[in-house]
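Visitor:
2 protein chains.
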Amino acid sequence: MTETLTQIKKDFTEGLSQISRFWGFPKGMGAIFAVLYLSPTALSLDEIVERTGLTKGAVSTEVRTLARMGLVHRSTKLGDRKDYYTAETDFYAAIRSILQERQNSEFDRAVRSVKETLTALEANWVEDEEWNFVYERVKALQEFFDAIDSLAKAVIRLESLGLSNVTKILSVLK
Amino acid sequence: MTETLTQIKKDFTEGLSQISRFWGFPKGMGAIFAVLYLSPTALSLDEIVERTGLTKGAVSTEVRTLARMGLVHRSTKLGDRKDYYTAETDFYAAIRSILQERQNSEFDRAVRSVKETLTALEANWVEDEEWNFVYERVKALQEFFDAIDSLAKAVIRLESLGLSNVTKILSVLK
DNA sequence: TTGTATGTTTAGTAAATACTAAACGAAATA
DNA sequence: TATTTCGTTTAGTATTTACTAAACATACAA
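Chains as they are written, first to last, in our numbering: chain A, 96 to 269; chain B, 96 to 269.
#1: Please list, in chain order, the chain A residues whose beta carbon lies closer than 7 Å to that of F186 (chain B).
#2: Using DSSP bridges, identify the partner residues of T171 (chain B).
#3: Which residues bound the alpha helix (DSSP H) around L236 (chain A)?
#4: Pick from A:T150, A:F120, A:G119 and A:L111: whose alpha carbon is nearest that of L131 (chain A)?
#5: I127 (chain B) touches chain A at which residues, Cβ-Cβ below 8 Å?
#6: Could you pull out every residue in the same chain whose Cβ sits closer than 8 Å to the Cβ of W220 (chain A), ignoring the five residues on either side in sequence?
#7: Does the Cβ of F107 (chain A) have 16 or more other Cβ atoms within 10 Å, making it buried, or fewer, making it exposed?
#8: Count the C-beta pairs between the segment 238-249 of chain A and the segment 117-137 of chain B that are closer than 8 Å, then say yes if the count reaches three, no if not.
#9: Under a CB-based cut-off of 8 Å, is D178 (chain A) close to chain B?
#10: Let me confirm a value: T214 (chain A) is counted as buried when at least 16 other C-beta atoms fall within 10 Å, else exposed. Which label applies?
#11: Can V154 (chain B) and T160 (chain B) be called in contact, C-beta distance under 8 Å?
#12: Name the chain A residues that come within less than 8 Å of T212 (chain B), Cβ to Cβ?
#13: Taking Cβ to Cβ, would you say L253 (chain B) is nearer than 8 Å to Y230 (chain B)?
#14: Just reading off the alpha helix (DSSP H) that G165 (chain A) is part of, what are its end residues?
#15: Compute the distance between the beta-carbons of G165 (chain A) and I143 (chain A), then report whether it is under 8 Å.
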């Protein structure tokens with residue numbers, strides 16, 4: 096039984112939608128990326144609307160956040176008022192861009208609040224068993240977050256080596 | 096101005112709730128982990144209820160998923176029918192456990208669907224420009240997912256070295 | 001100027017999710 | 001057996017979030 100290409104594309108789009116949802120993004124975002132990713136040519140907003148079944152409004156806002164994350168690129172053609180969109184194919188670049196974007200995100204604000212807890216504990220120090228306990232715990236968590244952060248940055252910096260090469264290197268370390 | 100310890104704890108709990116929410120978990124889960132993490136002693140379900148302000152039902156289900164992820168541990172005391180909970184403090188162990196749990200998750204099902212797209216394309220091969228284009232793209236994405244997966248596994252395997260040491264090693268690689 | 005083609009914003013709806021309240025079950029104790 | 005003490009399940013509610021439909025803004029064209 097022969098599946099048609101459009102059917103295969105549809106399945107793929109469905110898959111990416113799921114993945115998007117899993118990471119806490121709207122599934123529409125996954126779908127938009129998928130149709131761009133599978134298109135040999137840049138697509139206009141209306142073409143995306145047509146292929147995803149979403150409305151203009153939804154595509155307009157979601158494509159913008161995708162662009163901010165560096166996962167799609169907006170371009171124009173001379174003598175054509177439409178915007179055209181293409182998918183980023185260098186995923187490492189995309190990851191780097193997402194991590195940068197992340198700096199100003201809700202997540203980092205929250206992580207900073209852990210740091211603030213720590214300084215609050217230091218500032219109002221009380222020689223007390225529980226106080227000490229809490230301090231140690233908060234500090235450990237803070238260090239963990241820092242470690243993850245530096246690890247991510249280190250991996251990103253090595254992007255030029257290729258992710259799989261980095262993996263190979265790590266594999267022999269032990 | 097001196098902040099009281101309970102106030103600091105509250106702020107910390109608030110912070111972890113945000114982080115939890117950011118990663119797509121209920122904010123209650125973050126709160127539960129926080130109160131356990133800051134408690135020198137194991138807490139019963141009702142004590143968690145009291146400190147988080149959630150209901151027994153919510154705590155019951157959420158503490159269970161935390162346990163499944165390896166972020167908290169359930170224990171009992173002899174001659175006491177209550178369950179007691181403590182927070183995992185070895186975050187590397189927790190990450191490993193979460194990644195294992197992930198194997199059966201919705202995420203992996205979705206990632207597998209990319210692989211399936213690939214085999215569908217191979218199975219119904221048509222010598223056609225677009226077909227070829229789509230195939231290359233899907234393949235590239237699949238390889239990227241694989242790379243991320245092996246990298247994660249490699250890092251996890253090195254957990255014994257300590258995360259910050261791994262980071263240091265990566266830093267000199269370039 | 002008016003009309004047309006585009007993208008954006010907004011106000012409201014639908015759908016998903018976290019959470020509550022309360023019934024239930026099970027196990028120990030009286 | 002009845003009662004108490006715990007955890008779980010369930011049915012419903014509230015909240016959040018994604019999305020739609022339509023008004024709006026802008027720029028160009030006639």
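Built from N, CA and C at the ideal position, the CB exists for glycine as well.
Note that the structure is a prediction, hence the values are computed from the model and not measured.
Guide: On the basis of the supplied data:
#1: Sequence index remark: in the second sequence, residue 186 (chain B) carries index 91 (1-based). By Cβ distance, chain A contributes F239.
#2: Your numbering for residue 171 (chain B) matches position 76 in the second sequence. DSSP, once it has assigned bridges, lists B:D178 as partnering T171 (chain B).
#3: Within the first sequence, residue 236 (chain A) is the residue found at index 141, counting from 1. Run containing L236 (chain A): E224 to R252, per the alpha helix (DSSP H) assignment.
#4: In the first sequence, the residue the question calls residue 131 (chain A) occupies position 36. When each option's Cα is compared against that of L131 (chain A), the closest is A:L111.
#5: Within the second sequence, residue 127 (chain B) is the residue found at index 32, counting from 1. In chain order: nothing, as chain A lies at least about 15 Å away.
#6: Residue 220 (chain A) sits at position 125 when you count from the first residue of the first sequence. Closer than 8 Å at Cβ, skipping near neighbours: W226.
#7: As a working mapping, residue 107 (chain A) is identified with position 12 in the first sequence. Per the 10 Å Cβ criterion, buried.
#8: no
#9: Numbered from 1 along the first sequence, position 83 holds the residue referred to as residue 178 (chain A). Taking Cβ atoms only, chain B never reaches closer than 8 Å to D178 (chain A), which makes this a no.
#10: Within the first sequence, the letter at position 119 stands for residue 214 (chain A). Looking at its Cβ environment, which holds fewer than 16 other Cβ atoms inside 10 Å, T214 (chain A) is exposed.
#11: Position 59 of the second sequence, counted from the first residue, corresponds to residue 154 (chain B). Position 65 of the second sequence, counted from the first residue, corresponds to residue 160 (chain B). Not closer than 8 Å, so no.
#12: For the purposes of this step, residue 212 (chain B) is taken as residue 117 along the second sequence, with counting starting at 1. In chain order: I103, D106, F107 and G110.
#13: Taking the first residue of the second sequence as position 1, residue 253 (chain B) is located at position 158. Taking the first residue of the second sequence as position 1, residue 230 (chain B) is located at position 135. Cβ atoms of L253 (chain B) and Y230 (chain B): not closer than 8 Å.
#14: As a position in the first sequence, residue 165 (chain A) is number 70, starting the count at 1. Counting along the chain, G165 (chain A) falls outside any alpha helix (DSSP H), and DSSP gives it neither H nor E.
#15: Taking the first sequence and counting its residues from 1, one reaches residue 165 (chain A) at position 70. Taking the first sequence and counting its residues from 1, one reaches residue 143 (chain A) at position 48. No, the pair does not count as a contact, with Cβ atoms beyond the cut-off.
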